Amino acid sequence: MTTILFVEDEAPIRDLVRFALSRAGMTMLEAGDNAEAERLLASRRPDLILLDWMLPGGSGIELLRRLRRNPELRDLPVIMLTALAEEEQKVRGLEAGADDYLTKPFSPAELVARIRAVLRRATGADEQGRLRFDSLELDPATRRAWCRGHPLQLGPTEYRLLHFLIAHPGRVYTRAQLLDYAWPPDEAREERTVDVAIRRLRKALEPHGAQGLIQTLRGAGYRLDHA
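The sequence shown begins at 12 in the working numbering and counts up by one.
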């Protein structure tokens, strides 16, 4: 399930957005200020951040600049939300690294559409939301995956792992990061669990000669890259 972190200090707006995201099949994490948002980000990586400009104790633009300087989080897509409609404010947000900009008040339907569009761009998905890398293809809508056109038989854990890796190709992730990013928070979290899932994923790819796409970097972690 797509996870959105919404950083907004007004509870009624958070409630409205939570309902809209739930109807769209997404789940929402929430924070009322920058400090709370950074505490959440230290333990869990969302797929996208909705970031209000005006926040108590520090503006959203300050948090955005810190995110873009953080090697672990700089690639997170961010949509800025604000009541400021002036062109200068929009330019400042985009120059600071925002992927999109939405002015309050906004309709829930437009918000969801903007989120989906930004996620497609960030992950390289096509208009149908399908992800592709090398000989791999994955459809989040149906939770199906293929290799060289052949269906892959994947368990839920292997599917989530492949989904994350194919959305972030070429980057190295430690076992701890993969647990945070690709495992539900309520599941048992042991680093050896990642190794087991990697072995199963490679075994599923082996009949199609694609097991080499899942690469081990000794002492660092795993990545999805061209063999």
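Ideal Cβ positions, reconstructed from N, Cα and C, are used throughout, including at glycine.
Because the structure is a prediction, the values reported are computed rather than measured.
**Study point:** 3-residue-minimum beta strand (DSSP E) runs that sit fully inside the region 21 to 71, ordered along the chain
**Key:** 37 to 42, 59 to 63
Review point. Between which two residues does the beta strand (DSSP E) carrying R18 extend?
Key: The amino acid at residue 18 is misidentified as Arg; the sequence shows Val. Here the beta strand (DSSP E) through V18 covers 13 to 18.
Review point. Which residues bound the alpha helix (DSSP H) around A191?
Key: The amino acid at residue 191 is misidentified as Ala; the sequence shows Asp. Note, D191: alpha helix (DSSP H), 186 to 193.
Exercise for review: Classify H174 as buried or exposed, calling it buried when 16 or more other Cβ atoms lie within 10 Å of its own Cβ.
Suggested key: buried
Review point. At what residues does the beta strand (DSSP E) containing T168 begin and finish?
Key: Where T168 is concerned, there is no enclosing beta strand (DSSP E), although the alpha helix (DSSP H) it sits in stretches over 167 to 178.
Check your understanding: What is the residue span of the beta strand (DSSP E) that L92 lies within?
Key -> 89 to 93
Review point. What first and last residue would you give for the alpha helix (DSSP H) that runs through L122?
Key: 119 to 134
**Study point:** T204 - containing alpha helix (DSSP H), residue span
**Key:** 202 to 216
Review point. If you run the structure through DSSP and keep just helix, strand and coil, what is L105?
Key: helix
Check your understanding: Going by alpha carbons, who is nearest to P67 out of A35, A124, E19, Y192?
Key -> E19
**Study point:** Limits of the unbroken beta strand (DSSP E) element including L147
**Key:** 147 to 150
Check your understanding: Residues in its own chain within less than 8 Å of L73 by CB, not counting five upstream and five downstream?
Key -> This sequence places Glu at residue 73; Leu is not what is there. The answer, listed in chain order, is N45.
Review point. When the Cα of I126 is compared with those of L163, L190, I60, L212, which residue comes out closest?
Key: I60
Point to revise | Beta-carbon spacing of P162, R155 below 8 Å | key: yes
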